[in-house]
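Q: Sequence order for the protein chains is A and B. The opening residue of the first sequence carries number 1 in our numbering; numbering runs sequentially from there. The opening residue of the second sequence carries number 1001 in our numbering; numbering runs sequentially from there.
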Amino acid sequence: MTPWDMTSEHLLRELAPQALGVVARRFRDFVAAEDAVQEAMIAAFTQWPREGIPDNPRGWLIQVASRRMTDRVRNEIARRERETAVAREVETMAPSVDIESDMDPDDTLILLFMCCHPALTSSSAIALTLRAVGGLTTAEIANAFLVPEATMAQRISRAKQSIKASGVPFRLPSPRERVERLAAVLHVLYLIFNEGYASSVGAHLQRLDLAREAMRLGRCAKALLPDNAEVAGLLALMLLTDARRAARTGPHEDLIPLTKQDRNLWDRAEISEGIELLAAALSKGSVGMYQLQAAIAAVHDEAARVEDTDWPQILALYELLKRVSPSPMVTLNHAIAAAMVHGPSKGLELLRTLDADARLAGHYRLDAVRAHLLEMVGDRESAIEHYRIAAGRTTSIPEQNYLISQAARLADNTKGPDTSRRVRSRSSSPPHPS
Amino acid sequence: MKYILMMNTMRAGQGLPNWSTKDLQAHVAFMKNLNKDLRESGELVAAEGLSFPEQAKVVRAGKDGAPITDGVFPESKEFLAGFWIVDVETPERAYAIAAKASAAPGPGGAALNMPIEVRPVMSGPPPEML
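This is the structure in structure tokens:
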């Protein structure tokens, strides 16, 4: 027995997908095995802190989950009023002490692919991944997304039913499917990170840190697929973004844009790790969208002061990103970089190409960027108008406060006699807090 | 993405609806069923029905901060009868749920087609960077 300490919870979570892999394969039932491992996890969370960690924690989890599985099968049999002989046969299916022999290092990877199956909606894939691979409890996941536990339990249960119905076998996808399926996995991890990073404003300290969970899963994916440049790129992107976390919120939970952040607060260790990962990934020669985004984040992170930012390099990276992974959001960010290199008029010209894009119609970011560029060219009235439109369209309160205060700042300066402040406000800050 | 679905169907001074037992039961059963479906689909965050307008008060702070209540409303004033908060993948899904609720049965079992106001809750997902 080892006493329970700060790192134990982490250990327990790492073990969850490994135990699940063994149980799912042994009983050939992913859906039931996932429930059984969840029950074993909850049992571990109650017992281990009190009684200490068993000598073979993974074996313990497998044993407890397998016992639940056996009970389940037995109950099922009783319900069907089958012969007792069958129940005895089930008894022999119960795991022996030599449970480790069933371990397959690919189990966690198989689980990642399953939970992020493209047949699932993104919210179900996120929930299932956090539970089955992340080893989190339903209550923790529900709390992170601010929905009732019963609702989250249903969402997970339905996700598992979809997997069952789709007949995905418990094995790695074929090489043919692999690229598409990996893209789905990376997208789910990216969404988890984004959700955590964007909601990590102020008062939510009681909530599970989804950004950290996403990075943990990213590290796990990186360990399983060490040669994949995009997996490394995604982990680098998360690290290089998360490094700015402490600097992006002010004392009143207000968002602080990149250019106004106190760069001393940036996490140097995360930045170095991210840059190192990215350099190794880029040297592999298969550049993808996560590596490019990480590269952009790295250029920002490497600038000691705002004015040192290498905008021409960021612009070049966005041009590449536009080719590799075109989307209106990328075009929008490209317009910002173009404005920083060639002046705001160039940026505004690029924005006009987005006006007709239905995917971005009514999106606050388009108005927020336009407002910022209009401010840069000195069209104060229009800038105020677009900051206000953007504020009315965002569904994030910190974002809304930021945009309203941008409009208010411009309006104050127009009315106020203090011209020095007007000059200062012309210094460029990014159109969105990040 | 979370949405609130608001059913603004009550009017001041209208009192309890004057429906037959059968119609009332059908209406209640419909609403219960709707909530059950939303729970099972993993989309329900909250659902509440509110008291009748007779119990409504408008409260303002007086000069000393003490509450000043006002409770006689013009008959035309609409009141919130109840609301749902759902967590769904798309706005279209929120509209579909609202349409379902709107078609709750009224007198004689005919669909009420009540107006349901649908608005995003300010807890929106982060802007996607891609």
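Built from N, CA and C at the ideal position, the CB exists for glycine as well.
1) Return the residue from the list B:1074, B:1047, B:1064 that minimises the CA-CA distance to residue 1053 (chain B).
2) Let me make sure I understand the geometry here. Which of A:386, A:294, A:288 has the alpha-carbon closest to that of residue 272 (chain A)?
3) By Cβ distance, which residues of its chain are closer than 7 Å to residue 27 (chain A), with the 5 residues on each side in sequence left out?
4) From B:1121, B:1105, B:1085, B:1108, pick the residue whose C-alpha is nearest to that of residue 151 (chain A); which is it?
5) Return the chain-ordered ranges of every alpha helix (DSSP H) run that is complete within the stretch 249-285 of chain A and spans a minimum of 4 residues.
6) Once you ignore the five residues that flank residue 1103 (chain B) on each side, which residues in its own chain have a CB closer than 8 Å to its CB?
7) Assuming contact is defined by CB atoms lying nearer than 7 Å, are residue 373 (chain A) and residue 344 (chain A) in contact in what I supplied?
8) Check whether the Cβ of residue 154 (chain A) lies closer than 7 Å to any Cβ atom in chain B.
9) Given that residue 397 (chain A) touches chain B, what residues does it touch there, using C-beta distances under 7 Å?
10) Going by CA-CA distance only, name the one from B:1061, B:1072, B:1094 that's closest to residue 1055 (chain B).
11) Rounded to a whole number of angstroms, what is the C-alpha to C-alpha distance between residue 1011 (chain B) and residue 1105 (chain B)?
12) Is residue 1069 (chain B) helix, strand or coil when you go by DSSP?
13) Opposite residue 1002 (chain B) in the DSSP bridges: which residues?
14) Just to confirm the assignment, what range does the alpha helix (DSSP H) spanning residue 126 (chain A) have?
15) Looking at C-alpha atoms only, which residue of A:364, A:359, A:361, A:370 is the closest neighbour of residue 350 (chain A)?
16) Taking only beta-carbon atoms, is residue 1003 (chain B) less than 7 Å away from chain A?
17) I believe residue 248 (chain A) touches residue 256 (chain A) by the beta-carbon criterion, under 8 Å. Please report the beta-carbon distance rounded to the nearest angstrom.
18) Given this structure, state the Cα-to-Cα distance separating residue 298 (chain A) from residue 275 (chain A), to the nearest angstrom.
19) Which of the three DSSP states, helix, strand or coil, is assigned to residue 54 (chain A)?
20) Can you name, in chain order, every residue of its own chain whose Cβ lies under 8 Å from the Cβ of residue 72 (chain A), other than the five neighbours on each side?
21) Who are the near neighbours of residue 206 (chain A) in its chain, counting only those whose CB is closer than 7 Å to its CB and skipping five residues on each side?
22) Per DSSP, which one or two residues make a beta bridge with residue 21 (chain A)?
23) From the beta carbon of residue 147 (chain A), is the nearest beta carbon of chain B less than 7 Å away?
24) Between residue 117 (chain A) and residue 179 (chain A), what straight-line distance do the alpha-carbon atoms span, to the nearest angstrom?
25) Could you give the uninterrupted runs of the beta strand (DSSP E) lying entirely in the stretch 136-179 of chain A, keeping only those of 3 residues or more?
26) Name the residue from A:49, A:17, A:77, A:317 whose alpha carbon lies nearest to the alpha carbon of residue 3 (chain A).
27) Does the beta carbon of residue 359 (chain A) come closer than 7 Å to any beta carbon on chain B?
28) Can a CB atom of chain B be found closer than 7 Å to the CB of residue 121 (chain A)?
29) Would you say residue 151 (chain A) reaches chain D, if we count a Cβ-Cβ gap shorter than 7 Å as a contact?
30) What's the gap between the Cα of residue 1043 (chain B) and the Cα of residue 146 (chain A)?
31) In whole angstroms, what separates the C-alpha of residue 139 (chain A) from that of residue 1039 (chain B)?
32) Could you name the residues of the same chain whose beta carbon sits closer than 6 Å to that of residue 189 (chain A), not counting the 5 residues immediately before and after it, in chain order?
33) Measuring straight from C-alpha to C-alpha, what distance separates residue 407 (chain A) and residue 356 (chain A)?
34) Ordered along the chain, which non-local residues of its own chain (more than five positions away) have a Cβ less than 8 Å from that of residue 185 (chain A)?
35) Within 10 Å of its beta-carbon, does residue 395 (chain A) have 16 or more other beta-carbons around it, so buried, or fewer, so exposed?
36) Under a CB-based cut-off of 7 Å, is residue 26 (chain A) close to chain B?
A: According to the structure data:
1) Mapped onto the second sequence, residue 1053 (chain B) falls at position 53. Nearest C-alpha to residue 1053 (chain B): B:1074.
2) To locate residue 272 (chain A), count along the first sequence from 1; it is residue 272. Closest option to residue 272 (chain A), Cα to Cα, is A:294.
3) As a first step, residue 27 (chain A) is located in the first sequence; it is residue number 27 there, counting from the start. If we look at residue 27 (chain A) and ignore the five residues flanking it on each side, its Cβ neighbours are 33, 69.
4) Position 151 of the first sequence, counting from 1, holds the residue named residue 151 (chain A). From the listed residues B:1121, B:1105, B:1085, B:1108, the smallest Cα separation to residue 151 (chain A) is found for B:1085.
5) Entirely contained in the stretch 249-285 of chain A, the alpha helix (DSSP H) runs reaching 4 residues are, in chain order, 268-282.
6) Translated into the one-based positions of the second sequence, residue 1103 (chain B) becomes position 103. Within the same chain, Cβ atoms closer than 8 Å to the Cβ of residue 1103 (chain B) are found at 1111, 1112, 1113, the five residues on either side in sequence being excluded.
7) Here residue 373 (chain A) refers to the residue found at position 373 of the first sequence. Here residue 344 (chain A) refers to the residue found at position 344 of the first sequence. Against a cut-off of 7 Å, the Cβ pair of residue 344 (chain A) and residue 373 (chain A) comes out as a contact.
8) Stepping through the first sequence from its first residue, residue 154 (chain A) is reached at position 154. At a cut-off of 7 Å between beta carbons, residue 154 (chain A) contacts chain B.
9) Your numbering for residue 397 (chain A) matches position 397 in the first sequence. Listed by position along chain B, the residues whose Cβ is nearer than 7 Å to that of residue 397 (chain A) are 1122.
10) Along the second sequence, read from residue 1 onward, the residue named residue 1055 (chain B) stands at position 55. Selected option, being the one with the closest Cα: B:1072.
11) Here residue 1011 (chain B) refers to the residue found at position 11 of the second sequence. Here residue 1105 (chain B) refers to the residue found at position 105 of the second sequence. Approximately 18 Å, taken between the alpha carbons.
12) Locating residue 1069 (chain B) in the second sequence gives position 69, counting from the first residue. Reduced to three states, the DSSP call for residue 1069 (chain B) is strand.
13) As a position in the second sequence, residue 1002 (chain B) is number 2, starting the count at 1. In DSSP, residue 1002 (chain B) forms a bridge with B:1087.
14) As a working mapping, residue 126 (chain A) is identified with position 126 in the first sequence. Per DSSP, residue 126 (chain A) belongs to the alpha helix (DSSP H) from 122-128.
15) Along the first sequence, one-based indexing puts residue 350 (chain A) at 350. Among A:364, A:359, A:361, A:370, the Cα nearest to that of residue 350 (chain A) is on A:370.
16) Working through the second sequence from its first residue, we reach residue 1003 (chain B) at position 3. The beta carbon of residue 1003 (chain B) sits no closer than 7 Å to any beta carbon of chain A.
17) As a working mapping, residue 248 (chain A) is identified with position 248 in the first sequence. As a working mapping, residue 256 (chain A) is identified with position 256 in the first sequence. That pair is a contact at about 6 Å.
18) Position 298 of the first sequence holds residue 298 (chain A). Position 275 of the first sequence holds residue 275 (chain A). Approximately 7 Å, taken between the alpha carbons.
19) In the first sequence, residue 54 (chain A) corresponds to position 54, counting from 1. Three-state DSSP puts residue 54 (chain A) in coil, outside helix and strand.
20) Translated into positions along the first sequence, residue 72 (chain A) becomes position 72. Closer than 8 Å at Cβ, skipping near neighbours: 32, 36.
21) Position 206 of the first sequence, counting from 1, holds the residue named residue 206 (chain A). Here residue 206 (chain A) scores only 47 on pLDDT, less than 50, and its place in the model should not be relied on; the value that follows carries that caveat. Residues of the same chain with a CB within less than 7 Å of the CB of residue 206 (chain A), apart from the 5 flanking positions on each side, do not exist.
22) Here residue 21 (chain A) is taken as the residue at index 21 of the first sequence, counted from 1. Among the bridge pairs identified by DSSP, residue 21 (chain A) is matched with none.
23) By 1-based counting over the first sequence, the position of residue 147 (chain A) is 147. Chain B contact via Cβ: present.
24) Working through the first sequence from its first residue, we reach residue 117 (chain A) at position 117. Working through the first sequence from its first residue, we reach residue 179 (chain A) at position 179. The straight-line gap from Cα to Cα measures roughly 12 Å.
25) Listed in chain order, the beta strand (DSSP E) elements of length 3 or more contained wholly in the stretch 136-179 of chain A amount to none.
26) If you number the first sequence from 1, residue 3 (chain A) lands on position 3. The shortest C-alpha separation from residue 3 (chain A) is found at A:49.
27) Here the question's residue 359 (chain A) lines up with position 359 in the first sequence. Answer no: the Cβ-Cβ gap between residue 359 (chain A) and chain B never drops below 7 Å.
28) On the first sequence, position 121 is the one that residue 121 (chain A) refers to. So yes, residue 121 (chain A) belongs to the interface.
29) Reference to chain D is not applicable here, since the protein chains of this structure are A and B.
30) For this step, residue 1043 (chain B) is matched to residue 43 along the second sequence. For this step, residue 146 (chain A) is matched to residue 146 along the first sequence. Their Cα atoms are separated by approximately 12 Å.
31) Reading the first sequence from its first residue, position 139 is the one you call residue 139 (chain A). Reading the second sequence from its first residue, position 39 is the one you call residue 1039 (chain B). C-alpha separation (whole angstroms): 16 Å.
32) In the first sequence, counting from the first residue as 1, residue 189 (chain A) sits at position 189. The beta carbon of residue 189 (chain A) is closer than 6 Å to those of 214, 217, 218 in its chain, skipping five residues each way along the sequence.
33) In the first sequence, the residue the question calls residue 407 (chain A) occupies position 407. In the first sequence, the residue the question calls residue 356 (chain A) occupies position 356. Their Cα atoms are separated by approximately 25 Å.
34) Here residue 185 (chain A) is taken as the residue at index 185 of the first sequence, counted from 1. Cβ within range, chain order: 112, 113, 116, 221.
35) Within the first sequence, numbered from 1, the residue matching residue 395 (chain A) stands at position 395. Buried, by the Cβ-count rule.
36) As a first step, residue 26 (chain A) is located in the first sequence; it is residue number 26 there, counting from the start. Output row for residue 26 (chain A): interface = no.
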